[in-house]
Amino acid sequence: MERSNGIKIFIAGDFCVYHPERMSLGHELKKIINLSDIRVVNFEGPLQVGEKHTAGEFYLRQSHLSPEWLLNNGFNVIGLANNHAFDFGEEGLKATKKAFEGVLAIGCGKWNEAYGVKYLKVKNKTIGFFSASSADLATLKDRWTDDGKYGCAWINHISVSSIISEAKGTCDYLIVLPHAGVEYMDVPLPEWRDIYKSLIDAGADAVMASHPHVPQGFEMYAGKPIFYSLGNFAFEKDDRCALLHWYNSVAVLIEITEKDVQVQPILTYLNEDHVVEVDARVESIRHFRHLCNILTDDSDYMKEVNRFVLSLYSKYEKWLLSGYGAVGMYPKSLRQMCRIFVGFLKLKVNRRLFLHQLREESTRWLMIRANKLLSKTEL
1 MERSNGIKIF IAGDFCVYHP ERMSLGHELK KIINLSDIRV VNFEGPLQVG EKHTAGEFYL
61 RQSHLSPEWL LNNGFNVIGL ANNHAFDFGE EGLKATKKAF EGVLAIGCGK WNEAYGVKYL
121 KVKNKTIGFF SASSADLATL KDRWTDDGKY GCAWINHISV SSIISEAKGT CDYLIVLPHA
181 GVEYMDVPLP EWRDIYKSLI DAGADAVMAS HPHVPQGFEM YAGKPIFYSL GNFAFEKDDR
241 CALLHWYNSV AVLIEITEKD VQVQPILTYL NEDHVVEVDA RVESIRHFRH LCNILTDDSD
301 YMKEVNRFVL SLYSKYEKWL LSGYGAVGMY PKSLRQMCRI FVGFLKLKVN RRLFLHQLRE
361 ESTRWLMIRA NKLLSKTEL
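Numbering (UniProt numbering), first residue to last: 1 to 379.
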């Protein structure tokens with residue numbers, strides 16, 4: 001791959017690293033990144049500055065050396081809108097954004113800044129970026145109450161379509177970076193497919209989504225690419241994660257020339273030596289092709305949606321009920337019933353958790369679909 005007269009944009013998925021000192025890029029991937037003019041990544045989780053500010057017990061944090069690692073490896077557009085952005089509150093998010101001074105850090109701030117499209121001018125072309133998350137603690141959802149607050153843009157706010165439409169008139173190419181979807185699901189929910197297509201209809205030239213922690217397929221809509229989940233570009237766990245495809249990712253190389261726009265998926269993998277490298281393994285290529293092929297057949301696609309919805313809904317049901325100090329009673333034995341009862345006695349109402357589960361789109365849509373399937377209703 002050689003440097004061309006066109007504009008090359010490299011877009012990676014989620015990045016959350018505790019030990020950047022042991023991380024590196026493989027030679028081939030580093031070459032691709034170095035030959036790109038713009039390098040984009042989603043920085044999921046803040047620096048550990050300030051007090052914890054989560055709905056439940058789980059939170060993400062990043063090493064204070066992680067921003068430096070990304071900057072040293074050439075990344076110059078940093079998406080900060082994600083569901084963990086507020087895990088250390090306003091103080092943590094502000095400190096995280098400050099760590100990326102000198103490059104384009106997008107998707108957070110007070111209302112107008114968070115919802116603002118940001119631009120880079122490269123080779124006489126203007127490239128626009130809009131970063132937003134699904135409804136969570138970090139997102140600014142209600143102008144009546146959130147106008148003076150610090151947080152992230154919400155991808156489903158009523159103003160987003162007009163923001164994109166207006167921005168398209170001021171740039172040559174507009175990329176939308178949503179952070180949304182169902183975790184560990186190989187296919188996007190139909191609701192997200194419709195929403196991402198509506199972003200293209202509004203004027204976006206590409207939609208590059210993250211959040212599910214596994215790659216999903218991509219499709220061309222109206223001649224524009226929609227990648228439903230880029231997966232984890234580099235996402236460390238304290239121990240090697242056993243979840244299938246956790247360390248698999250798809251990065252995207254967009255090349256804009258005077259003639260056309262080329263879009264190339266690049267499979268990547270975080271190996272056991274903590275090297276992010278181009279993934280040329282046959283099984284990875286087959287899996288990604290399968291994910292893309294599913295999106296071309298509505299019948300196969302809905303079968304996969306329903307299969308995942310039914311396999312995942314109990315987790316979300318448990319979180320929703322526990323937020324209200326309740327449990328689902330599905331004991332298979334007397335011992336299990338006793339264990340559920342003891343757990344119930346220890347439960348406390350957590351209205352923040354309940355509120356989060358109630359208003360987060362993926363949770364709500366998944367629960368609705370699961371209960372429709374289980375109740376065998378056509379309503």
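Here a beta-carbon is modelled for each residue, glycine too, at the ideal position from N, C-alpha and C. All values derive from a computational prediction rather than experimental measurement.
Would the beta-carbon of Leu230 fall within 9 Å of that of Val250?
yes
Between Tyr196 and the rest of its own chain, which residues show a CB-CB distance below 6 Å, the 5 nearest in sequence each way excluded?
Val207 and Ile226
If contact is defined by three or more beta carbon pairs under 8 Å, each pair taking one atom from either stretch, is the segment 176-184 in contact with the segment 281-289?
no
Can you name the residues that DSSP bridges to Asn5?
Its beta-bridge partners do not exist; DSSP assigns none.
Can you list, in chain order, the stretches of the alpha helix (DSSP H) that have 4 or more residues and sit fully within the segment 114-171?
143-146 and 160-168
Tell me whether Asn83 sits in a helix, a strand or coil according to DSSP, three-state version.
Collapsing the DSSP output to three states places Asn83 in coil.
How long is the line joining the alpha carbons of Leu80 and Asp300, rounded to whole angstroms?
34 Å
Out of Cys108, Asn73 and Asn350, which one is the CA nearest neighbour of residue 396?
There is no way to answer for residue 396, as the model of the chain reaches only from 1 to 379.
Is the segment 16-32 close to the segment 270-282, with three or more CB pairs under 8 Å?
yes
Reducing DSSP to helix, strand and coil, say where Met329 ends up.
Only weak support exists for where Met329 lies, its pLDDT of 49 falling under 50; the value from the coordinates is given anyway. Here Met329 sits in coil by DSSP.
Nearest residue (CA-CA) to Glu68, options Asn82, Phe43 and Ala85:
Phe43
Could you tell me the distance, in whole angstroms, from the CA atom of Asn17 to the CA atom of Gly107?
Correcting the residue identity first, residue 17 is Val in this sequence and not Asn. For Val17 and Gly107, the distance between alpha carbons rounds to 20 Å.
Quick check on Phe288: does DSSP put it in helix, strand or coil?
Helix.
Go to Pro67, then tell me how far its alpha helix (DSSP H) extends in each direction, as first and last residue.
Ser66 to Asn72
May I ask you to report which of helix, strand or coil DSSP gives Gln262?
strand
Is it true that the CB of Pro188 sits closer than 9 Å to the CB of Tyr228?
yes
Beta-carbon within less than 7 Å of Pro212's beta-carbon, same chain only, minus the 5 sequence neighbours each way: which residues are those?
Gly181, Val182, Glu183, Tyr184, Met185 and Ser229
Let me make sure I understand the geometry here. Which of Ser134, Lys52 and Lys118 has the alpha-carbon closest to that of His356?
In this structure, Ser134 is the residue among Ser134, Lys52 and Lys118 with its C-alpha nearest to the C-alpha of His356.
Please state whether the Cβ-Cβ distance between Ile11 and Ile127 is less than 9 Å.
no
Within the continuous beta strand (DSSP E) that includes residue 467, where are the two ends?
Lying before the first or after the last residue shown, residue 467 is absent from the chain, which here runs from 1 to 379.
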